[in-house]
Structure formats: C-alpha cells, structure tokens
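Residue numbers (my numbering): -2 to 353.
Heads up, the beta-carbon is just placed ideally off N, CA and C, and yes, glycines get one too.
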Ligand SMILES: *Cc1c(COP(=O)(O)O)cnc(C)c1O
C-alpha cells in the first residue's frame, strides 16, 4: 500500500472549460496559459487535453521547446520573453513566439543576425506596472521592433490588474486603445476574468488560464456558476480515527477543543502535499461523500476532519480535499488565498493520475 493521497486530472473538464472560453469569445483565438506546470495539472498533460487550442502560453523557453518536441505545432508564447540573447537561436529554430517588454529584450533582437524571424508579442504597460513598455516609449519602441530583421509578426499585448474586481478594465482599455489606434497589428488583452466579464477586450487572442482548470478568477462567483468544471480532484483517505471527550484538543497548538464527545478522522494530507497550512478549523472537506469541516491546525503530512455526522466513516474512507464536491475556491477562501495558489502548489510528491 502506498500513502493514499493522489490528484486526479480530468481531461474532459479541461476540454469543456476551453469550450466555455470559446463560447464567451467566439471570434478570438485561444492562447491556453499552461505556465506553472499547467497550474499544477502537468504541462504536457494539459496541452494534450487542450490540443485544439490555437496556442499555448508558457514561462520558459525550455517549456516551449518541450511542447515542440512533444509535437505541438501551434503558437507557443514565452510570457516573460527571453532572459538572455543566447536563447534566441533556439527560440527561432523552434518557431517560438516571445514577449518583448523591455529595452534589453529589444536590443537582443536588434543585434541578432541570421535567424529565421521570431513572432513577437509587444507588451505594453497600460497601468498594471509590472511588465511592459511605458506608454511614452511605445511608438519609438514599436518602430524599432518593426525594423529588426529578427522580428516577424508583431502582436500588441497588455495585461489587466483588475479584470476580476472593481474598478474593472476601463482605464487600461482606454489607454491601450488610444495608444494603438491606427496600427494594423493583432491584439491580445484578456485573461480569464476579462474573457468572462469584459467582452470588448476579447480581441484577436484571448489568454485563458485559471478558467481552463475549472476554478474561478472572481472572489464573488464560484466556478460552477460560470459553468466551469474542476480539472483536478485532490483525494486521500482517513488513516486513523480518534474519539474525543469534551475538553480534548486536536493537533498542534490544541487549536480545536471538543465541546462534546465526537469522532475525528486523520487524513493523509498536509502542507507538504500543498494543502494550505493556514486553512482554519471549519475549512470544507468531504469524507465518504459527505461535506464536513477540518479541525485544528494542518500539519506537514496530516490534517483532521470532523466525523460527528458521518458515523459510517472509518479508516480507509475516501476524502476529497478539493474537486467536484469541494470547490478549490472554497478551500482557498477559507485559507485567505486564491484557487490559483492551491492548484499550483500541489507538491511533487503527490502522485497524479489522469481520467477521461
Ligand atoms: C497567467 C497569465 C494569464 C492567465 O491569467 P488567468 O487569470 O489565469 O486567466 C494571461 N496572460 C498573462 C500574460 C499571464 O501571465
């Protein structure tokens, strides 16, 4: 017997969620964002499930090359661009597209010779103030990029800071439009939140990330309300059962104290598996198919669940940490974080299997 924790990845849910993105943005090509190991689902596994995506967004050139070597022929975009001029020949050889957001990246392209031209996504800082060419520098930067022999097609790109909440995208949208007006180039702006709530921003390429995995980009709307299906189920089992008397405490710090006689199940899942240590007593969890709550502090390899109303639960009972019954967003919300972080943080020691 191995330790019972495992993650199940649902390929059919990934497909379904891509179809939801297409339904919202029917005229846009879909750049499926599969950075962070496909938000913890496995990059190549996700790419195979989403093989009819029009392109993929990744973080490193190594990931882009891995996609090419696995046979993917679509657009593959390196989202932070290249970090060193050394990488240019490999990127060019594999027909990888690169973000260009900085002067050093522009210089790399200006001095490159003898490469087959790279398609470039020129990232403009319209107000997020993280990556991107400043508004005042854009025109000059764009003209220099156009003059590079190493540059093929140019797509204009920006990223929203508040597509998921107030004040929305209006300011950045206005800056982008004013700046790029009259330029005949494709455009890409929308992340999942903008795909779902700001249709005016869909443009030539949409860039869905979190929605593909069946989690919500919004704090005020669950994935199920958006017709998204969870692509990951994190499962384990009860490995011990304790009976507490009134006054008995559970776990490190004695953070939960029983007020009555009750049964508590110990689950083989802890923060070293990627479960959030900050999940407090009351975080939703399902045991033997029934919703219940966690009790006390999460330990490195274990956490505890309330079995008071689940008398049939015993050693070996299945536990869902998150998935179709327990929304990852509900666990995240209870823990003061977002579904993105939990999905990405599933530890390498958790075995993954595929379904559908
Ligand atoms: C991660 C990322 C996305 C996807 O964002 P979601 O909120 O997960 O949809 C889109 N565009 C860029 C540039 C990104 O880095």
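Item	Value
Span of the beta strand (DSSP E) holding residue 356?	Because the chain spans -2 through 353 in this model, residue 356 falls outside it and cannot be assessed.
Assuming contact is defined by CB atoms lying nearer than 9 Å, are residue 122 and residue 128 in contact in what I supplied?	yes
Quick check on DSSP: helix, strand or coil for residue 275?	coil
Go ahead and label residue 242 buried or exposed: buried means 16 or more other beta carbons lie within 10 angstroms of its beta carbon, across all protein chains shown.	exposed
Any heavy atom of ligand 1 inside 8 Å of the beta-carbon of residue 30?	yes
Nearest to residue 331 by CA position, among 344, 282, 298, 321, is which residue?	282
In angstroms with no decimal places, state the Cα-to-Cα distance between residue 138 and residue 103.	8 Å
State whether the stretch 55 to 74 contacts the stretch 21 to 34, with contact taken as three or more CB pairs (one from each stretch) at a distance under 8 Å.	yes
If contact is defined by three or more beta carbon pairs under 8 Å, each pair taking one atom from either stretch, is the stretch 304 to 321 in contact with the stretch 282 to 295?	yes
With a threshold of 8 Å, establish whether the CB of residue 156 neighbours any heavy atom of ligand 1.	yes
Looking at residue 314: is its Cβ nearer than 9 Å to the Cβ of residue 248?	no
Tell me the DSSP secondary structure of residue 21 in three-state form.	helix
Would you kindly report the start and end of the unbroken beta strand (DSSP E) that includes residue 232?	229 to 241
Residue 60 by DSSP, collapsed to three states: which one?	helix
Nearest by alpha-carbon distance to residue 19: which of 51, 37, 0 is it?	51
Could you tell me if the beta carbon of residue 220 falls within a distance shorter than 8 Å of some heavy atom in ligand 1?	no
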